[in-house]
Amino acid sequence: MPTPLAARRVHFDSTQNLVHPISPTPPELVPYVTVADVLAHLYAALRTPASKREWAALDARAQERVGASFFRRCGAGEERRKGVKRVDWLGGRTRFGGVAWTGGSCWELVPGGV
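Under the UniProt record's numbering, the first residue of the sequence shown carries the number 1, and numbering increases by one thereafter.
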């Protein structure tokens, strides 16, 4: 049985091997984490620029897929100067499909749709 989300780390993962822990923490006056807390942390984590280490961990084919996702997302606009972000690992699967308990203290993002 899963323990409360406040005691867990939420991970997002895609087929391109990006796993990044986020740890939503409850406000000091309440002992729980809300859905809004989780969504805000996921949004911030996915909008973070990818590190050189994360990029290097991809094989050439995955780099090509993530790069294509980046160019679709940015086009020739100002956003392109900010570089590849973690959201680009998701490709077109950017709808929230929920989180799934993977055991222990981990939950995994379930991206949905195209």
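Think of the CB as a built atom: it goes at the ideal place given N, C-alpha and C, for glycine as much as any other residue.
All figures in this text were calculated on a predicted structure; none of them were measured in a lab.
Simplified DSSP assignment, three categories, for residue i
i, result
"residue 104", "coil"
"residue 93", "coil"
"residue 99", "strand"
"residue 110", "strand"
Cβ neighbour criterion (16 or more within 10 Å) applied to residue i
i, result
"residue 35", "exposed"
"residue 104", "exposed"
"residue 76", "exposed"
"residue 54", "buried"
Closest residue to residue i among the options (Cα-Cα distance)
i, options, result
"residue 42", "56, 102, 94 and 55", "94"
"residue 96", "85, 83, 106 and 111", "111"
Span of the alpha helix (DSSP H), counted from its first residue to its last, around residue i
i, result
"residue 37", "35-46"
"residue 65", "60-74"
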